[in-house]
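Have a look at the structure below before the remarks.
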Ligand SMILES: NC(=O)c1ccc[n+]([C@@H]2O[C@H](COP(=O)([O-])OP(=O)(O)OC[C@H]3O[C@@H](n4cnc5c(N)ncnc54)[C@H](OP(=O)(O)O)[C@@H]3O)[C@@H](O)[C@H]2O)c1
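In the numbering used here, the protein residues as written are 537 to 1034.
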């Protein structure tokens, strides 16, 4: 179950949001009455309530907004119990002063916005000593392992326990709470109205992570990186898992650089069966892999890891996806390699440029690298046995293939292009790895000039489908992935316009 927190200043808004949430399928809401500006009218909030309610009234030290006296707050909490509210949330330091009454269930809670303390079990025992029906522990995560510590507390507790980590490092604990036995997790009414750092919205919990379907046997897959950015991989992979009725969930883990090695040591305890690897770990993860494919050996970077017991096998799907995307556009088939012997200019010298340039070199394409920072181009060119050219001379290379591996043209800078349209010629291959928007200015100009076109969406979907195949042992529905990516691109465009 998901407890959705409602925190509004006016009773009218609280009641309206409660009704709306129940229409959307919510089965439990937390009313944060500390947000109500005027004197709290519990009868108005609780009479004819459309679903069970937790009443919580937080002090500022617990992350709340209560501005009146502590006596008034305790009076309010007692009144909520007398009015027969379904659950009352009592902080552990006051729970002993407010006794059980009637049918109201007691949530005895502990909040720590600074850290996830070492003595979690002691804190649990303290909460457990105040006659709870449920123990709630919410702490700030600074280490990805904090997620595991709170989840293990849930699993080991005798009293039903909701234990979650706050902060963007803690998101995984919110999604996986149910897998470890928590009676519910918390979510916000809307993603732009988080009440605690790292909280997800009710809609994200349900439509992206399908929280209610997660159970002790659910296989977990993770995106690791830092920063984690917009987690598109969970969006696309969870949509595919759902479409194919697989008991698997994809979860984002922010893993700072220095935490990679320990994370790999304990990650199986989350139930993790596979990882998508993002910046800055693609290269640094390689020494920790027990097996690698040819592409990882070539590039020295892995973006996909399959975990089987203590084995970790690494793959690079960007390499393959780049070539498959070009081949699909050209309609490649038969014996003759139409790429072999062509000349390409690769714009950028970062991670994507490396994978694409390696892929092109593997098909005997003559590659020139152009990036703003000549040293980066030279370093990559040296590894690939190809040329580095000045950024300013990118148009004069007589290239038959142009690949943009820079962010130029990405939302919101949609009027920028890394390559002037005047230099595009018919039948050139133009590949823009930028996927937001799909139709970048470069792609539009290339279509006008009747070039062969490969978009960033083609590439992203293809590489995600290759990752999915590694994880699920069966082909993904590329259409489901494409639709979920396009839906996100559309939503991002709308929210930027607003
Ligand atoms: N379709 C897909 O599947 C997919 C997946 C991941 C990424 N991408 C795309 O690939 C792009 C690059 O990702 P990455 O991981 O390679 O990033 P990265 O490692 O940070 O490299 C970015 C490269 O772009 C250059 N650059 C940045 N801003 C520039 C500007 N304004 N003008 C010219 N060059 C500029 C950088 O040059 P300096 O070194 O001089 O800064 C660097 O060479 C992303 O922006 C994304 O759109 C696509």
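The beta carbon of each residue, even a glycine, is placed where N, CA and C say it ideally should be.
Best match in the options for proximity to residue i [C-alpha to C-alpha]
i: residue 659; options: 693, 637, 679, 680; result: 693
i: residue 743; options: 772, 734, 766; result: 772
i: residue 928; options: 916, 918, 956; result: 956
i: residue 615; options: 634, 791, 604, 546; result: 634
i: residue 553; options: 978, 1004, 855, 738; result: 738
i: residue 887; options: 903, 854, 874; result: 854
i: residue 847; options: 800, 691, 690; result: 800
i: residue 764; options: 913, 609, 703; result: 703
i: residue 901; options: 845, 951, 939; result: 939
i: residue 608; options: 953, 597, 576; result: 576
i: residue 602; options: 582, 684, 569, 977; result: 569
i: residue 490; options: 982, 984, 543; result: The shown model of the chain, from 537 to 1034, leaves out residue 490, and the question about it has no answer.
i: residue 650; options: 597, 745, 825, 863; result: 597
i: residue 925; options: 883, 895, 954, 952; result: 883
Residue i to residue j span [Cα, whole Å]
i: residue 933; j: residue 907; result: 14 Å
i: residue 483; j: residue 860; result: Past the edges of the chain, shown from 537 to 1034, lies residue 483, and the structure says nothing about it.
i: residue 1001; j: residue 958; result: 35 Å
i: residue 1034; j: residue 941; result: Reliability of the predicted coordinates at residue 1034 is poor, the pLDDT of 46 falling under 50, and the value obtained from them is presented with this limitation in mind. Approximately 29 Å, taken between the alpha carbons.
i: residue 630; j: residue 662; result: 12 Å
i: residue 756; j: residue 890; result: 29 Å
i: residue 905; j: residue 893; result: 8 Å
i: residue 808; j: residue 818; result: 18 Å
i: residue 831; j: residue 839; result: 11 Å
i: residue 541; j: residue 625; result: 12 Å
i: residue 877; j: residue 728; result: 51 Å
i: residue 700; j: residue 936; result: 53 Å
i: residue 778; j: residue 705; result: 25 Å
i: residue 1021; j: residue 1007; result: 19 Å
i: residue 707; j: residue 674; result: 12 Å
i: residue 696; j: residue 628; result: 16 Å
i: residue 676; j: residue 758; result: 20 Å
i: residue 538; j: residue 961; result: 55 Å
i: residue 668; j: residue 606; result: 21 Å
i: residue 1025; j: residue 736; result: 19 Å
i: residue 916; j: residue 549; result: 57 Å
i: residue 793; j: residue 885; result: 21 Å
i: residue 1023; j: residue 590; result: 34 Å
i: residue 816; j: residue 841; result: 15 Å
i: residue 781; j: residue 909; result: 47 Å
i: residue 747; j: residue 850; result: 28 Å
i: residue 821; j: residue 852; result: 12 Å
i: residue 797; j: residue 823; result: 10 Å
i: residue 802; j: residue 559; result: 40 Å
i: residue 732; j: residue 761; result: 22 Å
i: residue 573; j: residue 547; result: 9 Å
Helix, strand or coil at residue i [DSSP, three-state]
i: residue 747; result: helix
i: residue 625; result: strand
i: residue 929; result: helix
i: residue 553; result: helix
i: residue 654; result: coil
i: residue 634; result: coil
i: residue 1012; result: coil
i: residue 821; result: coil
i: residue 720; result: coil
i: residue 789; result: strand
i: residue 755; result: strand
i: residue 710; result: helix
i: residue 539; result: strand
i: residue 912; result: helix
i: residue 762; result: coil
Sub-7 Å separation of residue i and residue j beta-carbons
i: residue 565; j: residue 578; result: no
i: residue 666; j: residue 644; result: yes
i: residue 769; j: residue 812; result: yes
i: residue 687; j: residue 725; result: no
i: residue 485; j: residue 966; result: This structure cannot speak to residue 485, because the chain is shown only from 537 to 1034.
i: residue 587; j: residue 612; result: no
i: residue 682; j: residue 721; result: no
i: residue 881; j: residue 930; result: yes
i: residue 897; j: residue 920; result: yes
i: residue 787; j: residue 711; result: yes
i: residue 571; j: residue 545; result: yes
i: residue 1014; j: residue 997; result: yes
i: residue 680; j: residue 789; result: yes
i: residue 995; j: residue 827; result: no
Quick test of the definition: if touching needs 3 or more C-beta pairs under 8 Å, does the stretch 965 to 978 touch the stretch 938 to 950? With the rule of 3 Cβ pairs closer than 8 Å, the stretch 965 to 978 counts as touching the stretch 938 to 950.
Are at least three pairs of beta-carbons, each pair with one atom in the stretch 634 to 643 and one in the stretch 608 to 622, less than 8 Å apart? The answer is yes - the stretch 608 to 622 touches the stretch 634 to 643, with three or more Cβ pairs under 8 Å.
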